[in-house]
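Each remark here refers to the structure printed beneath this line.
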């Protein structure tokens, strides 16, 4: 399979799973109307520990990769931004605010990634790339806003702020740590990142973890926890590095716009919503935005064109 096609396929899988994560994750979390749920910090520990065990188990059946000491340090910081701050703050924010708010805030990730890619990777912001990001953002927001009914939650400034910090953290991870992520296999990078995340989660949140009344958890809650750990953590974080290996950070982040589309299709499938003309237009905007960003030229391509035209390429470090 072609590398880019493999990257796109991996990101489709990851973001379809994440598209279902907000409603499923919300159903698992404790609230005054859902006392049988677990607190967000305990769920964070489940995610980190579960994914850590799964990645290290899988690594036992694969060829061993030696990771340089300097890269171990980089993977530690990648874990902080890509997993610990990103996921812990997201679940904390989700417990305080509505799924609609979290979906809207998630649309800023591609914009942030595009800006940060110019700082960390010296990737240019072209008209095609910027247009694609804005078109996709508009389509995602339209999908969210026309599907506002039945969200089952109230907005919270504190929750929204936590989700914004989570989005900034993930955009930083996609750009600042791309070079070390693509250097090793997905299992190798993720086993180290989740090891650091699991140790930090247990050390910080052992009290909320011990305070969960496990006997009171319903089978539906356990099933939701299983989905969050196995699918939206282990499987998705296995897929994202594949996308990072073959695609630019802005392209990777553009798949965030697929998540509200998946959520809408899910509500239509279970009979809670309908798919009309407006949502069809919004979906086309999302797909068109992803396509435009994919077709935009990278710095390497622009430098190659300048070289072919007899011009000196821009004096910038390689991505």
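Numbering (full-length UniProt numbering), first residue to last: 1 to 319. Just so you know, even glycine gets a beta-carbon here, dropped at the ideal spot from N, CA and C. Here the structure is a predicted model, which is why all the values come from computation and not from measurement.
- Excluding sequence positions up to five before and after residue 78, its CB lies within less than 7 Å of the CB of 173, 177, 180, 181, 193, all in the same chain and listed in chain order.
- With respect to the C-alpha of residue 46, the residue from 262, 256, 27, 198 having the closest C-alpha is 198.
- The beta-carbon separation of residue 189 and residue 241, rounded to 6 Å, stays under the 8 Å limit for a contact.
- It is roughly 15 Å from the alpha-carbon of residue 111 to the alpha-carbon of residue 163.
- Here residue 38 is bridged, per DSSP, to 29.
- Judged by their CB atoms, residue 158 and residue 94 are not nearer to each other than the 8 Å cut-off.
- Assignment of residue 184 by DSSP, reduced to helix, strand and coil, places it in the coil class.
- For the set 165, 104, 136, 40, the Cα lying nearest the Cα of residue 92 is the one of 40.
- Sorting 231, 271, 186 by C-alpha distance to the C-alpha of residue 7 places 186 at the top.
- Between residue 289 and residue 255 the beta-carbon gap is near 11 Å, outside 8 Å, which marks them as no contact.
- With a cut-off of 8 Å on Cβ pairs, the stretch 232–241 is in contact with the stretch 8–28, counting three or more such pairs.
- Residue 175 and residue 126 have their C-alpha atoms some 17 Å from each other.
- The alpha-carbon separation between residue 72 and residue 83 amounts to approximately 15 Å.
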